[in-house]
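Everything on this sheet refers to the single structure shown next.
Residue numbers (the working numbering): 13 to 189.
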């Protein structure tokens, strides 16, 4: 069973039809799903998986309890380092999902630096990630850091700066030039 890290932007409250179909294919193939507890794309994907009554799901959260666990699945607490807040609060759980995953599927609004960094974490490990880029109305797959750089070429330059601000020093070292 392959493990799929599903995630996306907090500002997405409706999954695109191709992403819904892909989640249906993940369920049909009985792959494991690793998903966060955030509102937006995470909660939307959780709702779809719960509607399927799908059992092979793990919900990762940084707080004491998950914000969303719509299928009452196994919950995995990945605490943040003491004193972290904002984007750094969720970074440890996101890194853990990327580490455990074989593949990724992200629904990106073209602006979320957190989603962009999650794609990079998969790319660093040469794990394929299908991205539904709602800003550009297209789907793409990243396989490596070069693909990630190509994905960001079309985004506002500020998005890349924000993404880099969320990276660990090791993650930043993987970027060309």
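Note that beta-carbon positions come from the ideal geometry of N, C-alpha and C, so glycine has one too.
Original post:
What is the DSSP secondary structure of residue 120, counted as helix, strand or coil?
Top reply: strand
Subject >> Buried versus exposed call for residue 25 [16 or more other C-beta atoms within 10 Å across all chains shown] >> reply: exposed
Original post:
Given that a residue counts as buried once 16 or more other Cβ atoms are within 10 Å of its Cβ, and exposed if not, what is residue 105?
Top reply: buried
**OP:** Report the option in 13, 28, 184 whose CA atom is closest to the CA atom of residue 119.
**Re:** 28
Subject >> Endpoints, the beta strand (DSSP E) within which residue 150 is located >> reply: 150 to 154
**OP:** Could you say which of 61, 52, 187, 68 lies nearest to residue 132 if we only look at CA atoms?
**Re:** 187
Original post:
Are the beta-carbon atoms belonging to residue 144 and residue 31 less than 8 Å from one another?
Top reply: yes
**OP:** To the nearest angstrom, report how far apart residue 137 and residue 83 are at their CA atoms.
**Re:** 29 Å
**OP:** Out of 160, 80, 162, state which residue places its alpha-carbon closest to the alpha-carbon of residue 47.
**Re:** 80
Original post:
What residue from 170, 157, 43 has the CA that sits closest to residue 66's CA?
Top reply: 43
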